[in-house]
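If you're matching them up, the sequences are chains A and B in order.
Residue numbers for the first sequence follow my numbering, beginning at 498 and rising by one.
Residue numbers for the second sequence follow my numbering, beginning at 50 and rising by one.
Glycine included, C-beta positions come from ideal geometry on N, C-alpha and C.
These figures come from a predicted structure and were not determined experimentally.
One structure below.
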Amino acid sequence: DIVMTQSPEYLAVSLGERATINCKSSQSVLYSSNNKNYLAWYQQKPGQPPKLLVYWASTRESGVPDRFSGSGSGTDFTLTISSLQAEDVAVYYCQQYYSTPPWTFGQGTKLEIK
Amino acid sequence: EVQLVESGGGLVQPGGSLRLSCAASGFTFSSYAMNWVRQAPGKGLEWVSYISSTSTTMYYADSVKGRFTISRDNAKNSLYLQMNSLRAEDTAVYYCARDKPLRFDPWGQGTLVTVSS
Numbered sequence: 498d499i500v501m502t503q504s505p506e507y508l509a510v511s512l513g514e515r516a517t518i519n520c521k522s523s524q525s526v527l528y529s530s531n532n533k534n535y536l537a538w539y540q541q542k543p544g545q546p547p548k549l550l551v552y553w554a555s556t557r558e559s560g561v562p563d564r565f566s567g568s569g570s571g572t573d574f575t576l577t578i579s580s581l582q583a584e585d586v587a588v589y590y591c592q593q594y595y596s597t598p599p600w601t602f603g604q605g606t607k608l609e610i611k
Numbered sequence: 050e051v052q053l054v055e056s057g058g059g060l061v062q063p064g065g066s067l068r069l070s071c072a073a074s075g076f077t078f079s080s081y082a083m084n085w086v087r088q089a090p091g092k093g094l095e096w097v098s099y100i101s102s103t104s105t106t107m108y109y110a111d112s113v114k115g116r117f118t119i120s121r122d123n124a125k126n127s128l129y130l131q132m133n134s135l136r137a138e139d140t141a142v143y144y145c146a147r148d149k150p151l152r153f154d155p156w157g158q159g160t161l162v163t164v165s166s
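Written as structure tokens, this is what we have:
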């Protein structure tokens, strides 16, 4: 199984500052036939289900604010929030969907306001 | 509006059974694969099971293989998860999620399953 490891587990950032969350996969999730990284990012606010933010590692889901961006390729990925807003307090998860299941998630990164 | 609503959760004794349902609306259910994902209290997300749009392909996490069965009724726009031989470690909120494909969107609000004596 592909193991997804996020860092840090906890992150405190001031309002308006940049937040950076990292995700590393135990093997490449880059599909050579289409040059796509099979990686997604989700946001989960307290008491709510997860919400899709980014897929194919860097494609923002419709309706997601452009302060959210994904980057990376192969085994190393980053979710960046360019200017933290109060409503961004949440737990963020990366997920790989490379090949056949199981499709695995990172352990989550809890983002708070400093 | 695309909507998924889970039901069927509750308290069950170890070794017992439970059937979860997920009612879909706002999209052509029969065109999409579906998934179940669970989240133990205070923990992260764990993918549980997948079913293709026509029920020809199913996948399960090793942790539930042989105990859980995923199914769907496209005429009723509904997804199911039959859970047998339940264990304490199956205690979690269970979400159904549309396969978009290969990423999960949207998710339902979830239904809580508690396995305890």
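6 Å CB neighbourhood of residue i in its chain, flanking five on each side removed
i: L133(B); result: The sequence given here has Asn at residue 133(B), not Leu. S66 and R116.
i: L581(A); result: V510, L512, E514 and A516
i: S566(A); result: T577
i: V588(A); result: Q541, G605 and K607
Simplified DSSP state of residue i, which is helix, strand or coil
i: F78(B); result: helix
i: N133(B); result: coil
i: A141(B); result: strand
i: E558(A); result: coil
i: D585(A); result: helix
i: A124(B); result: helix
i: E609(A); result: strand
i: E50(B); result: coil
i: W553(A); result: coil
i: A110(B); result: coil
i: S523(A); result: coil
Beta-carbon proximity of residue i to residue j, cut-off 8 Å
i: W96(B); j: P599(A); result: yes
i: C145(B); j: M107(B); result: no
i: G75(B); j: E55(B); result: no
i: V162(B); j: T140(B); result: yes
i: Y539(A); j: P547(A); result: yes
i: V142(B); j: Q88(B); result: yes
i: Y81(B); j: D148(B); result: yes
i: S98(B); j: Y109(B); result: yes
Run of the beta strand (DSSP E) containing residue i, from where it starts to where it stops
i: E506(A); result: Unbroken run through E506(A): none, as it is neither H nor E.
i: Y594(A); result: Looking at the DSSP string, Y594(A) is not in any beta strand (DSSP E), and its letter there is neither H nor E.
i: G567(A); result: F565 to S570
i: F153(B); result: F153 to W156
i: E95(B); result: L94 to I100
i: T577(A); result: D573 to I578
i: Q541(A); result: L536 to Q541
i: V164(B); result: T160 to V164
i: R87(B); result: M83 to Q88
Beta-carbon contacts of residue i that lie in its chain and below 7 Å, excluding the five residues immediately before and after
i: S525(A); result: G571 and T572
i: W553(A); result: K533 and N534
Beta-carbon proximity list for residue i, same chain, < 8 Å, skipping 5 on both sides
i: I479(A); result: The structure shown does not extend to residue 479(A), since chain A spans only 498 to 611, so no value can be given for it.
Which residues, in order along the segment 139 to 151 of chain B, keep a beta-carbon less than 7 Å from a beta-carbon of chain A? Y144 and L151
Which residues, in order along the segment 525 to 542 of chain A, keep a beta-carbon less than 7 Å from a beta-carbon of chain B? Y535 and A537
Residues of the segment 65 to 83 of chain B whose Cβ lies closer than 7 Å to any Cβ of chain A, in chain order: none
Using a Cβ-Cβ cutoff of 7 Å, what residues of the segment 502 to 516 of chain A are near chain B? List them in chain order. none
Of the residues that make up the segment 152 to 164 of chain B, which ones have a beta carbon closer than 8 Å to any beta carbon in chain A? R152, F153, D154, P155, W156, G157, Q158 and G159
Quick one, which residues of the segment 572 to 595 of chain A are near chain B if we go by CB-CB under 7 Å, in chain order? Y590 and Y594
Give, in chain order, every residue of the segment 595 to 608 of chain A whose Cβ lies closer than 8 Å to some Cβ of chain B. T597, P598, P599, W600, T601, F602, G603, Q604 and G605
Chain-ordered residues of the segment 547 to 563 of chain A with a beta carbon less than 8 Å from chain B: P547, K548, L549, Y552 and E558
What are the residues in the segment 92 to 105 of chain B lying within 8 Å of chain A by C-beta distance? G93, L94, E95, W96 and Y99
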